[in-house]
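A.B. asks: Below: one structure in structure tokens.
Number of protein chains: 2
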Amino acid sequence: MSLPATYLQMLSTVTGDGELRLELVEKAMPTPRSGQVVVRIEAAPINPSDHGVMFGWASIAEAKSSGTGPGTVLSAPVPPQGMRVMKARVDQPQPVGNEGAGTVVAAGDSDFAQSLLGRIVAAMGGGMYGQYRCVDATMCLPLHDDCTAKDGASSFVNPLTALSMLETMKMEGHKALVHTAAASNLGQMLNRVCQADGVELVNVVRKSEQEAILRELGAKYVVNSSSDTFMSDLTDAIHRTGATLAFDATGGGGLANSILSAMEAAAARTPGAYSVYGSIAHKQVYLYGGLDVSPTVLNRGYGMAWGVAGWLLPNFLAKAGGEVLARLCTRVADELKTTFASHYTDEVSLSETLQADVVQRYNAKTTGQKFLVCPQHQV
Amino acid sequence: MSLPATYLQMLSTVTGDGELRLELVEKAMPTPRSGQVVVRIEAAPINPSDHGVMFGWASIAEAKSSGTGPGTVLSAPVPPQGMRVMKARVDQPQPVGNEGAGTVVAAGDSDFAQSLLGRIVAAMGGGMYGQYRCVDATMCLPLHDDCTAKDGASSFVNPLTALSMLETMKMEGHKALVHTAAASNLGQMLNRVCQADGVELVNVVRKSEQEAILRELGAKYVVNSSSDTFMSDLTDAIHRTGATLAFDATGGGGLANSILSAMEAAAARTPGAYSVYGSIAHKQVYLYGGLDVSPTVLNRGYGMAWGVAGWLLPNFLAKAGGEVLARLCTRVADELKTTFASHYTDEVSLSETLQADVVQRYNAKTTGQKFLVCPQHQV
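Have a look at this one:
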């Protein structure tokens, strides 16, 4: 198989003069070392977790694009506070795209790398918004024969996040979960996993259409944060399920506080669950996203046994170790077209991904909308 | 030794109609069971951690006292939000006073209980603001012969809190500490322990007098949150010490956020400590007090590897287990008159503790001021 001498890769740079630039850069085709393979990336999703590296703290509402084709450049101003936070990445171009899938077109001489030649694999590790990507063969998940690259594009971030939420629950001794922004692609997947595993899940949404999506999926507990009865609905659901762990995709505002307050109120209904310092069981909310960029506000009216923390998939996987990761990946490959199926509303080329009007659409993070980058499409 | 038939104990009750009552109640003298002892309580400190059980969410600024001697009653209104939070304790009188010391005046028939007869012991477990207290002998710490009850009154809460902060640091893999309200009795003790153990400690205070107290004690890192250069001073100190763990006594407002932001800024100065998701090392702030009752506000500008959580000594000790507790208690008894010495500005009787003007004084939590309840003083 003959490969081109160069390929295009998307890079994000914060410049010293307060601008974010997202552009395509021509790179030399790498030669894989012994344990490496070169994957021709055919499909890579735009996940909310990609936005951080792509856009950082730039003001995306003010983004503009210039140029055409491979010369398309997206630029946006970065406010002073954002520059302070992103100090460590100034003038250091960052490859973007956490995960993707495609065909192995070159391999180093190790047996395992050679065994992947011609196979369709999913891969993670950044830099997937590009035409090719050289990765360690051990970072690849070979797909079953009936799966396409599009089927496998989202094999890691959402599936491993959903499964890792359940692993976290077990490792930290909780027995049920609360999840916010629960009608998201990830939220729907989490519902399928929890139903399969017999784990009770309290879904928090903010619109009645989102309630309907989850009820349709068979979700037992769905509460709407826009409803006048939200706090009592949430307390009831937490009381019934015994959930003392939540994963919050919104991050900012008062939602984490509301969840901890509802957990406290649920404990107050339970004989023996309460001491003079408040409820006894540890109540934890992990913020794994930042849909709401406003500050997180905690009134602390829930005793002393509580925590709020950031949660990031790679950090969890590093702590859980290789055996857990291998077990989770095997399950993803086996259930890729059922439990872990993803659906895309839009397919875009590398240059379309940089057009300001397209950026505004995927940056809106509308429920049900999901973009797939197709690096082999005409740039 | 002949004991009176009854004794006075202080109880705190939240009534269904929104009032907090703190009063002395006559109780029958208990007969100790096999492994128990009766301690004549001679000295018991008023710690910030006692205020929660004593006053709950009542509006103490509006507290009034009535009656005299054993009939003194303190009452204060409880606002509606406080009633919701304290629902589980309505109409259930709570004994108050976490720790104290005194003479063992009666003992059950177990060898260990008998061995304590006549000894001066420190004890914890609540209900210490009373003339007598029956406790399990295993909950008593016999003092060395040269120690009085006043020397031993504060053997648990502050000493075990200071030592447990260091244990937490070791258990969770941190190497240095940040502490706020650092000129407090506890803060001074923590400085002595850290100096003895060679652990770097960043002291955060809000007044120059408090800075002076700590410098006098030999503290190396003292930063003043009222200074214009607070954030850069704090970042410098965190960068030098490598502290990624903080214990915050204020709880509310922006201090926890400032500490996490300074930890992030310190990491950004350190090669290899930073990824596109922010700093890599986990940064943790434990809120162990609530000197600032306003909400905790977190702007989350410090990546994903961070946590904020409540921290309560009994919960930590339960998790750490009996061997750790025994090790820490032995150290406290050995160093009671040096590292763990406490000083009191006021000694009050049980009834004086209930007088509104006295309550306003100890509720002010002024640095350097510390009250000792002496239940054997004339009520």
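First to last, the protein sequences are chains A and B. Position one of the first sequence corresponds to residue 1 (the numbering used here), numbered consecutively onward. Position one of the second sequence corresponds to residue 1001 (the numbering used here), numbered consecutively onward. Even for Gly, the Cβ is constructed at its ideal location relative to N, Cα and C.
(1) Excluding the 5 residues preceding and the 5 following B:V1379 in the sequence, name in chain order all residues of the same chain whose CB lies nearer than 6 Å to its CB.
(2) Provide the residue span of the beta strand (DSSP E) that contains B:K1283, from first to last.
(3) Could you check what DSSP says for B:P1032 in three-state terms: helix, strand or coil?
(4) Just mark B:A1326 as buried or exposed, buried being the case when its beta carbon has 16 or more other beta carbons within 10 Å.
(5) Is any beta-carbon of chain B found at less than 8 Å from that of A:V14?
(6) Taking all protein chains shown into account, decide if B:R1300 is buried (16 or more other Cβ within 10 angstroms of its Cβ) or exposed.
(7) Identify the contact partners of A:G307 in chain B, using a Cβ-Cβ distance below 8 Å as the criterion.
(8) Quick one: give me the first and last residue of the alpha helix (DSSP H) that A:K170 is part of.
(9) At a CB-CB cut-off below 7 Å, which residues of chain B make contact with A:V85?
(10) Which residues mark the beginning and the end of the beta strand (DSSP E) in which B:Y1221 is found?
(11) Based on DSSP bridge pairs, tell me the residues matched to A:G100.
(12) Consider the Cβ of A:Y277: report whether some Cβ of chain B lies at a distance smaller than 8 Å.
(13) Let me check understanding here. Comparing Cα to Cα, which of A:M29, A:E26, A:G16, A:N47 lies closest to A:H343?
(14) Pairing CB atoms from the stretch 1214-1229 of chain B with CB atoms from the stretch 1267-1278 of chain B, are three or more of them under 8 Å?
(15) Any idea which residues DSSP pairs B:Y1132 with across the strands?
(16) Shorter than 8 Å from the beta carbon of A:N315 to some beta carbon of chain B?
(17) Since B:R1119 meets chain A, which of its residues come closer than 9 Å, beta carbon to beta carbon?
(18) Residues of chain B with a CB under 9 Å from the CB of A:L255: which are they?
(19) Quick check on A:E323: buried or exposed, where buried means 16 or more other Cβ atoms within 10 Å of its Cβ?
(20) Quick one: residues in its chain with C-beta nearer than 7 Å to the C-beta of A:G125, no 5 flanking neighbours on either side, listed in chain order?
(21) Give, in chain order, every residue of the stretch 62-91 of chain A whose Cβ lies closer than 7 Å to some Cβ of chain B.
(22) Going by other Cβ atoms of all chains shown within 10 Å of its Cβ, with 16 needed for buried, is B:H1179 buried or exposed?
(23) Can you name, in chain order, every residue of its own chain whose Cβ lies under 7 Å from the Cβ of A:M395, other than the five neighbours on each side?
(24) A:Y274 CB to nearest chain B CB: under 8 Å?
(25) Under 8 Å, with one C-beta from each stretch per pair, do the stretch 1114-1128 of chain B and the stretch 1070-1088 of chain B reach the 3-pair mark?
(26) Starting from A:Q94, find everything on chain B with Cβ-Cβ shorter than 8 Å and list it in chain order.
(27) Span of the beta strand (DSSP E) holding B:F1055?
(28) Which residues mark the beginning and the end of the alpha helix (DSSP H) in which A:S232 is found?
(29) Measure the beta-carbon distance from B:W1306 to B:Y1288 and round it to whole angstroms, keeping in mind my assumption that it falls under 8 Å.
(30) From the DSSP output, read off the bridge partner residues of B:E1382.
(31) DSSP state of A:Y277, grouped into three classes?
(32) For the candidate residues B:L1336, B:K1365, B:L1255, whose alpha-carbon lies nearest to that of B:D1145?
(33) Give the residues of chain A in contact with B:A1268, contact being defined as C-beta atoms less than 8 Å apart.
(34) Which residues, taken in chain order from the stretch 1043-1057 of chain B, show a beta carbon closer than 7 Å to some beta carbon of chain A?
(35) Could you please give me the residues that DSSP links to A:S66 through a beta bridge?
(36) Check the Cβ of B:T1229 against every Cβ in chain A and list those closer than 9 Å, keeping chain order.
C.D. replies: Once the coordinates are examined:
(1) G1069, P1070, S1349, L1350, S1351
(2) 1283-1287
(3) coil
(4) exposed
(5) no
(6) buried
(7) G1307, V1308, A1309, G1310
(8) 157-171
(9) G1301
(10) 1221-1224
(11) A:A123
(12) yes
(13) A:N47
(14) no
(15) B:R1040
(16) yes
(17) Residues of chain A passing the Cβ test: none, with the nearest at roughly 29 Å.
(18) Neighbours of A:L255 on chain B: none; closest Cβ ~13 Å, over 9 Å.
(19) exposed
(20) V135, M139
(21) V85, K87, A88, R89
(22) buried
(23) No answer is possible for residue 395 of chain A: the residues shown for chain A start at 1 and end at 379.
(24) yes
(25) no
(26) V1276
(27) No beta strand (DSSP E) holds B:F1055; the alpha helix (DSSP H) holding it covers 1048-1055.
(28) 230-241
(29) Actually they do not touch by this definition, with Cβ atoms about 17 Å apart.
(30) The question about residue 1382 of chain B has no answer here: the residues shown for chain B are numbered 1001 through 1379.
(31) coil
(32) B:L1336
(33) K87, A88
(34) G1052, V1053
(35) A:V73
(36) Neighbours of B:T1229 on chain A: none; closest Cβ ~16 Å, over 9 Å.
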